[in-house]
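Residue numbering for the sequence shown follows full-length UniProt numbering, beginning at 1 and increasing consecutively.
A virtual CB, placed ideally from N, CA and C, is assigned to each residue, including glycine.
Please read these numbers as outputs of a predicted model, since none were measured by experiment.
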Amino acid sequence: MDVKNAIQSRRSIRNFQDKELATKDVNTILEAARLAPSGTNLQPWRFVVIESEEMRNELQECTLDFVAEAPVTIACAVDYNALEKVPKRIKELARAGAFKGTALEKNDDSDYSGRDMSAEEAKRYLYLNEAIAIENMALQATELGIGSCWVMMFNEDKLADRLDLDDNLELVSLLALGYPEEIPEQRPRLSLDEIVINRV
């Protein structure tokens, strides 16, 4: 399956077969997240794979039923401590030649610490990077014939407590995974004319 086909085939699945997912397939989906692009190569995503019956029962009290009933649910969090690594990530990018041929190549990265961000800007920055990784997982799952549903309806405090997450980690979403009971039709989409504001 090529990328275009995966994009066209992906659906939000809310009804899963009672069938386990192979560990190698779950790892392939996680690898797709690991390889996602991120600003300054920050890679702030952190994941908890919820697959045991015991933890899925715990999940039942924190989110929608179909999420807890999925064979696997990935709890997707951002790590605020990743922001402290910006200088290191910049140096890694420079050494890897990421800035070659650009104005950035001439910058001295020896004491670059990144731009100052307010708490709200930092949160938006981390969430944006996390979203890219989540979409990578959803598309990879599609290629494997596995359905997914990206869910933000959950009790964050309760779930963070059940998962014993450190304070530097903030849950962003849940990604429910499983073999679809059925493949629904494409949901309504706006036309290009409605989403392209202008070509300048």
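Per DSSP, which residues does residue i bridge with? Please list them.
i	result
I7	Paired residue(s): none; I7 is not in a bridge.
R34	Bridge partners of R34: none, in fact.
V151	L174
R95	DSSP, once it has assigned bridges, lists no residue as partnering R95.
C76	F47 and S173
S191	For S191, which the question treats as bridged, DSSP gives no partner whatsoever.
S12	S148
T63	F154
Comparing C-alpha positions only, which one of the options sits nearest to residue i?
i	options	result
L175	L190, R162 and M153	M153
D18	D193, D157 and G178	G178
E58	S173, L128 and D161	D161
G145	A133, I183 and L169	I183
F47	L192, Q140, L30 and I195	L30
W150	D79, L171 and K100	L171
residue 245	N168, L163 and E143	Given that the chain is displayed from residue 1 to residue 200, the structure contains no residue 245 and the question cannot be resolved.
V78	D193, R124, E61 and L192	R124
K88	L35, T40 and D167	T40
M117	I197, Q60 and E84	E84
Y80	R56, E53, E130 and E61	E130
D65	R199, D193, V196 and N15	N15
Can you tell me the Cβ-Cβ gap for residue i and residue j, rounded? I've got them flagged as a contact below 8 Å.
i	j	result
V86	L126	The Cβ separation is near 12 Å, so there is no contact.
P37	I132	6 Å
I134	S173	6 Å
Given this structure, state the Cα-to-Cα distance separating residue i from residue j, to the nearest angstrom.
i	j	result
A82	A96	20 Å
V67	A119	30 Å
T73	N107	43 Å
C76	L21	18 Å
I13	E92	39 Å
Q8	I50	27 Å
R11	L165	30 Å
T28	E105	34 Å
R115	A122	10 Å
N5	E156	34 Å
V26	N136	13 Å
L190	P180	25 Å
R34	T63	25 Å
L169	L163	11 Å
L192	A138	23 Å
E69	R199	45 Å
E53	Q60	11 Å
E194	P188	13 Å
T23	Q186	29 Å
A94	K100	8 Å
Could you check if residue i is buried or exposed, using at least 16 other CB atoms within 10 Å of its CB as the buried criterion?
i	result
Q140	buried
L159	buried
P71	buried
A103	exposed
I90	buried
G147	buried
At a Cβ threshold of 7 Å, is residue i touching chain C?
i	result
L171	The structure shown contains no chain C; it holds only a single protein chain.
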